[in-house]
Amino acid sequence: MKAMIGTGATILVADQATKWYILGPLALDQRLFVPVLDPYVNFVMAWNTGINFGLFGSESDAMRWVLIALALAICGFVLVWLKREGAPRNMQIATGFLIGGAIGNVIDRIRFGAVADFLNVTCCGFRNPYAFNIADISIFLGAALLILFAGPRESARRK
Numbered sequence: 005m006k007a008m009i010g011t012g013a014t015i016l017v018a019d020q021a022t023k024w025y026i027l028g029p030l031a032l033d034q035r036l037f038v039p040v041l042d043p044y045v046n047f048v049m050a051w052n053t054g055i056n057f058g059l060f061g062s063e064s065d066a067m068r069w070v071l072i073a074l075a076l077a078i079c080g081f082v083l084v085w086l087k088r089e090g091a092p093r094n095m096q097i098a099t100g101f102l103i104g105g106a107i108g109n110v111i112d113r114i115r116f117g118a119v120a121d122f123l124n125v126t127c128c129g130f131r132n133p134y135a136f137n138i139a140d141i142s143i144f145l146g147a148a149l150l151i152l153f154a155g156p157r158e159s160a161r162r163k
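What the sequence shown shows, in the numbering used here, is residues 5 to 163, in sequence order.
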């Protein structure tokens, strides 16, 4: 479980540190747009009240708490599953990515009522209208790795 805790803590600190910088010294919430490697990478302020890409977004305080509860329930489910399975290191790291990112976004929802998204990446002539953050990347990466690593174990395959 050390790998999961270490990965999760690292992701959580990185996520909250970048949001602190974006909202504090950079004041992106007042500037709204800062070119980084324009047109490929820019900082664009967006307050996301929903899940990925703003799905289920709502200004409702009830929906905010539903999304917080859902994120925490998913984290709890994954932790119980991981503990029952006696997960190897790669699964622990994947879980750390998922949980660290989820907790980072939960902190935003509690503090601000929405998630602070600020990264905008565009490529190949396609202008991406969405913004995301370190937590979003980590949640996606953690979920993808869990799916990849969740196949039958070596010992189960030999039987």
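A virtual CB, placed ideally from N, CA and C, is assigned to each residue, including glycine.
Membership of residue 122 in the beta strand (DSSP E) is indicated by the continuous run 119-125. Assigned with DSSP and collapsed to three states, residue 49 falls in strand. The stretch 122-130 and the stretch 41-53 touch, with no fewer than 3 CB-CB distances between them shorter than 8 Å. In terms of CA proximity to residue 72, 53 leads the group 88, 82, 84 and 53. For residue 136, there is no enclosing beta strand (DSSP E), as DSSP marks it with neither H nor E.
By the beta-carbon neighbour count (other beta carbons within 10 angstroms, threshold 16), residue 128 is exposed. Residue 38 has 47 as its beta-bridge partners, per DSSP. Rounded to whole angstroms, residue 20 and residue 82 show a C-alpha spacing of 22 Å. By the C-beta criterion, the stretch 24-42 is judged not to be in contact with the stretch 95-115, since fewer than 3 inter-stretch pairs fall below 8 Å.
Sequence-distant partners of residue 11 (beyond 5 residues in either direction) whose C-beta falls short of 7 Å from its own C-beta, in its chain, are 97, 100, 101 and 104. By the 16-neighbour rule on beta-carbons within 10 angstroms, residue 84 is exposed.
About 5 Å separates the beta carbons of residue 153 and residue 94, which is inside the 8 Å limit, making them a contact pair.
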